[in-house]
Structure formats: C-alpha cells, structure tokens
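A short write-up of the structure that comes next.
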Amino acid sequence: MRALLFVIWIKSGKDAAAALALIETLALGEYDTQSRGGARIVSANVAGKQFSYELPPNWSNSDFIETLRGLYKILTTGGASGGQMTDAELNAYVVDADDQVTNVAKARFAQSAGGRF
277 MRALLFVIWI KSGKDAAAAL ALIETLALGE YDTQSRGGAR IVSANVAGKQ
327 FSYELPPNWS NSDFIETLRG LYKILTTGGA SGGQMTDAEL NAYVVDADDQ
377 VTNVAKARFA QSAGGRF
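For any residue, its number in the working numbering is found by taking its place in the sequence shown, counting from 1, and adding 276.
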C-alpha cells in the first residue's frame, strides 16, 4: 500500500491535497486496466498528468479499490490532529522517516512487574 501511495505522491507533485484528489479520481473508476507482457497496468489521466501503476500479481480490481480506500483513510485521518495529512506528514510517511517498515522480523518481550510474562 505504501508503494502505491509513493507513486501517487510523486505523480501529484508531492502535494497531499493533489494526492487525495488523484485517489478520489481512481476510486471513481476513472482508469483503464491493460495487460503488458503478463503484467496488469492501471492507467489514468488526471489533471493533464498520466498515471500508471503495475498491479501486484493476482490483484483484482476489487483489491485495487480496497487499497485506494485504505490510502484515502490514511490521508484523511493520518495527520497529527487526526485529520488530513499535511505535505510534510505525507512525505514522512512515504519515505518511512521513522523506520516503521522493515523486512526483518523483530520481537520484544518485556517482563511484567511480578517477574512473569
């Protein structure tokens, strides 16, 4: 999901409001799906800019729309105040400024006050 938001963010000129508008346009179904060399590509023209994204294997249109719904929620409720993200907040999220995303499994166990888990 973060990879798709990254592409949307770049295509929208690194502007949170424009990214939200692009998500809304895509959610309305204003895109085409094409096959190229076995890959499925979503393409749209939004505000004079061409947007293309290769869908992950086995994704349906329903999966794409559900992902857009998740992105919409992130953008509209992920801001510090619980509201819409600012440009800076969206930038920090897509570039993973807080190192929240990892491909390494990590576990931390804390001992309770009584010495038992």
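Every residue, glycine too, gets a C-beta built ideally from N, C-alpha and C.
Can you give the beta carbon distance from residue i to residue j, rounded, assuming they're within the 8 Å contact cut?
i: Ser328; j: Ser319; result: 5 Å
Going straight from the alpha carbon of residue i to that of residue j, what length do you get?
i: Lys349; j: Met361; result: 10 Å
i: Asn321; j: Tyr307; result: 8 Å
i: Met277; j: Gly346; result: 8 Å
i: Lys325; j: Asp375; result: 31 Å
i: Glu365; j: Asp291; result: 11 Å
i: Ser336; j: Gly359; result: 30 Å
i: Ile341; j: Leu304; result: 9 Å
i: Ile317; j: Ser357; result: 35 Å
i: Ile286; j: Asn367; result: 10 Å
i: Thr301; j: Ser338; result: 15 Å
i: Asn334; j: Ala373; result: 30 Å
i: Ala279; j: Thr309; result: 18 Å
Given residue i, which residues of its chain have a CB within under 6 Å of its CB, disregarding the five upstream and five downstream residues?
i: Gly354; result: Met361
i: Ala294; result: Ser288
i: Pro332; result: none
How about residue i and residue j: are their beta carbons less than 7 Å apart?
i: Leu296; j: Leu344; result: no
i: Leu281; j: Val370; result: yes
With a CB to CB cut of under 8 Å and the five nearest residues on each side skipped, what residues in its chain are close to residue i?
i: Asp363; result: Lys290, Asp291, Ala292
i: Val380; result: Per-residue confidence for Val380 stands at a pLDDT of 48, beneath the threshold of 50, marking its modelled position as unreliable; the derived number appears in the next sentence. Once the five neighbours on either side are set aside, Val380 has no close Cβ partner at all.
In chain order, what residues of the same chain have a beta carbon less than 7 Å from the beta carbon of residue i, not counting five sequence neighbours either side?
i: Ala315; result: Glu330
i: Leu298; result: Ile284, Lys287, Ser288, Val322, Phe327
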